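Q: In numbering that gives the first Met the number 0, the protein residues as written are 0 to 379. Don't be surprised by glycine CBs; every beta carbon is placed ideally from N, CA and C. Keep in mind it's a predicted model, so treat the numbers as computed, not measured.
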Amino acid sequence: MLSRWKALAVVVAAVAVVAAACGQGLVPPPAVVPPGDPSVAALLGDDRRDKLEDRIATGARPWSRWVSWGEELFYNGFVEDPPVGPKPSPRISVFYTCANCHNTAREDPVLTDQNPEARFQYIQSRPGMFMTQGTTMWGAVNRESFYNGYYALYHDLCVPDPTTETQTANGGPNEQGQCAPGTRKMDPKSLEDATQVCSGYCSVGRYLVRWELDAMMAYFWSLELHLSDLGLSPDDEQSVRETLLPSPRDPRRAAEARAQLRSRFLLAAGDTARTVPEVSRLPGGGYAVGPYPDGQSFTGDPGRGGPLYARSCAHCHGTAIYPVSGGPLAGDVNRFFQMLAKGTSESNAAYMPEFTYQRLSRQQSADILAYLLRLLREGR
Ligand code: HEC
Ligand code: HEC
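Right, here's the structure in full:
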């Protein structure tokens, strides 16, 4: 896997052919915060947002502008009218925008449970949301560590040190695992570092310069959690408000209230790698998917697979990113599961990121396969 990143370190930024179509049709879903709903960070005594605002928001560049520059970067990969440098600003990646792999709204009904079955139910009626390989950026500022579980291997990747207005080249690591001069290993507890890693590597792009990173952070703060998102009972909510607002008085009660808040949302996205299952043909056509190492097998339902394909695959397949739509993706059943579990490691092209179990269930993968096989049989 890390060999992918070694190859990406030398990625060419010159291939502009697919750029125009990346992220096609992806638009941010509307965000609604009820008035008087305190932010979870404020309740936890976390002042990072205020510090950022104090540092970057000045008369001609108010906070709201930074938020919209960040949203533009996230959804379009560049900014039409940036605060620094040429207009428009250079693209982060010629292949991907962040929105190809991350939602920006709530995706899980129970915030502490990254369950792709419940997620699909939840997003199905919500426009602009997908079953993406990456975790939603909604609530990312409230998380405390990044690239966990299987993705901990990204902790070896490098970020600029420091981030300035001058572009730093992707810094490796080299064969010995060392970062190039001007870069250092990422800090798994830093959202800024996690963002630099995904801009430089996951996006097959480049690191953000200072204003871009500030804008992205301002945008992420606009997606922070609020008290009402945590689903506390009205009594518990009232007691949290009384204990922590306008500022905490009783240290013991404040600690308890904050522990309660922290138990209600995702502190760290966990990711568990998929295994490639055995696949065998069933007598009546179709396939039995399994057994997986735990002995379980799955039979796909093409009726469920259609809507799943539309939300999990079609936003990349069927666009210029990788225009193999529908049936042909199931042309080789083993390759299909190989791609879901391992993805690919293209060095200078859009690659296919793997889906961990937190992002797509085993049943869902069998359902998508059944749907694609039906398209193949129908000659589509
Ligand atoms: C091709 C897919 C892809 C693209 C494009 C992409 N990401 Fe990611 N990103 C991932 C995956 C996969 C992960 C690891 C899984 C996860 O989110 O927990 C990840 C993780 C992250 C994380 C850490 C999340 C966490 O809780 O651990 C951040 C922050 C992030 N990405 C920001 C961005 C930004 C900003 C962009 C655009 C500049 C971007 N990503 C583009 C796939 C992508
Ligand atoms: C973020 C973009 C993205 C998403 C989402 C995505 N793919 Fe891919 N996929 C790619 C790219 C890019 C390739 C080409 C990779 C290569 O061959 O180097 C690819 C290749 C594949 C291939 C191999 C096709 C061949 O050449 O034989 C299969 C199979 C596949 N994807 C299945 C899926 C399925 C199923 C889903 C949904 C569950 C999905 N992909 C979602 C980007 C994506």
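#1: Which residues, in chain order, sit with a beta-carbon under 5 Å away from any heavy atom of ligand 2?
#2: On a CA-only basis, which of E241, K341 and L229 is nearest W137? Give me that one, please.
#3: Measure the C-alpha to C-alpha separation of Q175 and G284 and round it to an integer number of angstroms.
#4: Would the region 114 to 122 count as touching the region 360 to 373 if we require 3 or more Cβ pairs under 8 Å?
#5: Using the Cα positions of D186 and S198, report the straight-line distance between them to the nearest angstrom.
#6: Using the Cα positions of Q295 and E277, report the straight-line distance between them to the nearest angstrom.
#7: At which residues does the alpha helix (DSSP H) containing P306 begin and terminate?
#8: Considering P159, what are the terminal residues of the beta strand (DSSP E) in which it resides?
#9: Is any heavy atom of ligand 1 found at a distance shorter than 7 Å from the C-beta of L281?
#10: Thinking just about the alpha-carbon of each residue, which of D80, G76, L110 and A179 is nearest to the one in A98?
#11: Helix, strand or coil: how does DSSP classify T242 here?
#12: Keeping to the same chain, check which residues put their C-beta closer than 6 Å to that of G171; ignore five residues upstream and five downstream.
#13: Classify A30 as helix, strand or coil using the three-state DSSP reduction.
#14: What is the residue span of the alpha helix (DSSP H) that S364 lies within?
#15: Report the option in L231, V239, T162 and R373 whose CA atom is closest to the CA atom of G44.
#16: Contact defined as beta carbons within less than 8 Å: I believe V323 pairs with Y286. What is the distance between those atoms, to the nearest angstrom?
#17: Ignore the nearest five residues each way along the sequence and tell me which others in D36's own chain have a CB closer than 7 Å to its CB.
#18: Any heavy atom of ligand 1 closer than 7 Å to the beta-carbon of A139?
#19: So, helix, strand or coil for Y150, using DSSP?
#20: What do you get for E143, buried or exposed, if any count of 16 or more other CB atoms within 10 angstroms of its CB means buried?
#21: Alpha carbon to alpha carbon, what distance is there between A329 and L372?
#22: Applying the 10 Å Cβ sphere with the 16-neighbour rule, what's the burial state of P352?
#23: Helix, strand or coil for P64? Go by DSSP, reduced to three states.
#24: Please determine whether the Cβ atom of Q132 lies at a distance below 7 Å from any heavy atom of ligand 1.
#25: So is T57 buried or exposed if we call it buried at 16+ other beta carbons inside 10 Å?
#26: Mind reading off the beta-carbon distance from M130 to R310? Whole number of angstroms is fine, and I expect it under 8 Å.
#27: What is the C-beta distance between W68 and A256, in whole angstroms, given that I count them as a contact (C-beta under 8 Å)?
#28: If I follow the unbroken alpha helix (DSSP H) through R183, where does it start and stop?
#29: Measuring straight from C-alpha to C-alpha, what distance separates V275 and F145?
#30: Answer yes or no: the CB of R142 versus the heavy atoms of ligand 1, is any distance below 7 Å?
#31: Excluding sequence positions up to five away, which residues of its chain have a Cβ less than 7 Å from the Cβ of F297?
#32: Quick one: using the 10 Å Cβ neighbour count with 16 as the cut-off for buried, is S246 buried or exposed?
#33: Quick one: what's got a C-beta closer than 6 Å to Q195's C-beta in the same chain, skipping five residues either side?
#34: Just the C-alpha distance for Y74 and P126, rounded to the nearest angstrom, thanks.
#35: So, helix, strand or coil for C21, using DSSP?
A: The relevant details are as follows:
#1: N99, S311, C312, C315, Y321, L328, F335, M338, T343, E345, A349 and M351
#2: L229
#3: 50 Å
#4: yes
#5: 15 Å
#6: 11 Å
#7: P301 to S311
#8: C157 to P159
#9: no
#10: G76
#11: helix
#12: A8, C157, C178 and A179
#13: coil
#14: R361 to R376
#15: V239
#16: No, V323 and Y286 are not in contact; Cβ-Cβ is about 20 Å, not under 8 Å.
#17: H225, L226 and S227
#18: yes
#19: helix
#20: exposed
#21: 6 Å
#22: buried
#23: The question names Pro, yet the displayed sequence has Arg at residue 64. The answer is helix: DSSP assigns R64 an H, G or I state.
#24: yes
#25: exposed
#26: 5 Å
#27: Contact flag wrong, Cβ pair sits at about 35 Å.
#28: Segment T182 to K184 is the beta strand (DSSP E) holding R183; no alpha helix (DSSP H) there.
#29: 25 Å
#30: yes
#31: V288, G289, R361, Q362 and A365
#32: exposed
#33: V158 and Y206
#34: 15 Å
#35: Note on C21: pLDDT 41, under 50, position unreliable in the model; the coordinate value appears next. If DSSP states are grouped into helix, strand and coil, C21 belongs with coil.
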